[in-house]
Ligand code: SAH
Ligand code: SF4
């Protein structure tokens, strides 16, 4: 059998179990090999077919010639002082996406991207400002989880070695430095506008032979693609977060342009329908706090009216400013008062802690920076990714 070029080989990371089983059958193997392959890749994070010791030699050779297990290359790796870690990944043709790991005491959350850029173009979002480049494939989406697992494992080994070299007793850091217990689709892009790849990635994340995550521990965040909220409910009802950001259509039309297509009444109805199948009995509404724009008491009161029939929680996000936004973060006391008003009315409300501030770990920030630098770089006829690596 002649060897295919690396890029011509089938990338196995983006294949769910039925697809892996079908592939094995097509290549003359028993269907259960698909399951084995899945476990090697997603439970042991293996990419080298030679190490997959319980596969027959002939099959390993076939895989070597015709398949690959590869996630997008890492352009840069940033570790913030609070333990938040952010990777910038090269998805080709000068495009980069980001993946962020946020360790907390009782869980570790990985925030992943679904598109390079985003077409929704929300007023306050630096990803939106970059425009839309392309959808990520399922392999590139699930590849972020695969890669983070590998890299966090590698970090653990490094720390252990460093501690041992320094004469420490036990070099292994706390497990929560590395264990991914939750996944949120809150990186770059609108997951429900890349529906097929998002659902395939979800299927692999939830599969017992894949990552085995429960539906409650995986959250898809959407700006409100109503028809796709219904499809997700039917196909793969995971926890749902909806980026609300405004309590009335006039303001939301400005902040989240998609609202002109799917206005608030439709969106609230879709949330209610979703809750019939959702793994949690509430929707999380995200609400970015913009000084003087959407943060008044009157906005809180309108919100309470809007969500009256939708069991929900609120997550207030202090706006993360970027140079060309022309918007400001609400002052802390305003955010507190707004949260209090919602809580007083009986709605569980949290204010998102800003994590990884020293590495710009908020939505779209670092990749946005790269696009800016690229524009400068292109004038000098240098490649975007090369600049990002510099
Ligand atoms: N496209 C999806 C998921 C990615 S954005 C969505 O919009 O829901 C993830 C969250 O980050 C959204 O709630 C989004 O509104 C928020 N966000 C975007 N830009 C931000 C900024 N500059 N500061 C704070 N939050 C921001
Ligand atoms: Fe896209 Fe979400 Fe950013 Fe809006 S907030 S532009 S939907 S990534």
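Residue numbers (the working numbering): 1 to 390. In this text, a Cβ means the ideal position worked out from N, Cα and C, and glycines have one as well.
Bridge partners - residue i, DSSP secondary structure assignment
i	result
residue 78	86
residue 317	288
residue 135	115
residue 396	What is shown of the chain runs 1 to 390, which leaves residue 396 out entirely.
residue 68	11
residue 98	88
Residue i: CB within 6 angstroms of a non-hydrogen atom of the ligand ATP
i	result
residue 186	Absence of the ligand ATP is noted for the structure shown, with the ligand SAH and the ligand SF4 being the only ligands found.
Spatial distance of residue i from residue j (CA atoms)
i	j	result
residue 86	residue 70	19 angstroms
residue 11	residue 337	50 angstroms
residue 139	residue 15	7 angstroms
residue 136	residue 147	15 angstroms
residue 256	residue 120	7 angstroms
residue 25	residue 202	23 angstroms
residue 79	residue 356	8 angstroms
residue 308	residue 266	14 angstroms
residue 127	residue 55	43 angstroms
residue 301	residue 225	25 angstroms
residue 342	residue 282	15 angstroms
residue 22	residue 278	30 angstroms
residue 149	residue 211	10 angstroms
residue 152	residue 276	37 angstroms
residue 223	residue 166	49 angstroms
residue 329	residue 354	12 angstroms
residue 35	residue 239	26 angstroms
residue 325	residue 236	35 angstroms
residue 27	residue 131	41 angstroms
Cut-off 7 angstroms between Cβ atoms - residues of its own chain near residue i, not counting five sequence neighbours on either side
i	result
residue 252	245, 246, 259 and 264
residue 339	316, 349 and 351
residue 230	270 and 273
residue 184	109, 111, 219 and 221
residue 60	49, 50 and 52
residue 9	66, 67 and 68
residue 200	14, 16 and 138
residue 6	68
Short CB-CB distance (under 7 angstroms) between residue i and chain B
i	result
residue 128	Looking for chain B here will not work: only one protein chain is present.
Proximal residues to residue i (C-beta, below 8 angstroms), its chain only, five neighbours per side dropped
i	result
residue 171	Annotation note: pLDDT 44 at residue 171 (below 50); position unreliable, coordinate value reported separately. These residues qualify, in order along the chain: 159, 160, 161, 162, 163 and 164.
residue 39	209
residue 205	142, 145, 183, 211, 213 and 218
Same chain, Cβ closer than 6 angstroms to residue i, neighbours up to 5 away in sequence not counted
i	result
residue 33	24
residue 186	111 and 221
Can you list, in chain order, every residue whose CB sits closer than 5 angstroms to a heavy atom of the ligand SF4? Answer in sequence order: 118, 120, 122, 125, 127, 128, 190 and 223.
Whole beta strand (DSSP E) runs in the region 190-234 with 3 or more residues, listed along the chain? Every beta strand (DSSP E) stretch that sits fully inside the region 190-234 and reaches 3 residues is listed by chain position as 218-222.
Hey, which unbroken runs of the alpha helix (DSSP H) at 4 residues or more fall wholly within the region 238-293? Fully contained in the region 238-293 are the following alpha helix (DSSP H) runs of length 4 or more, in chain order: 249-255 and 264-275.
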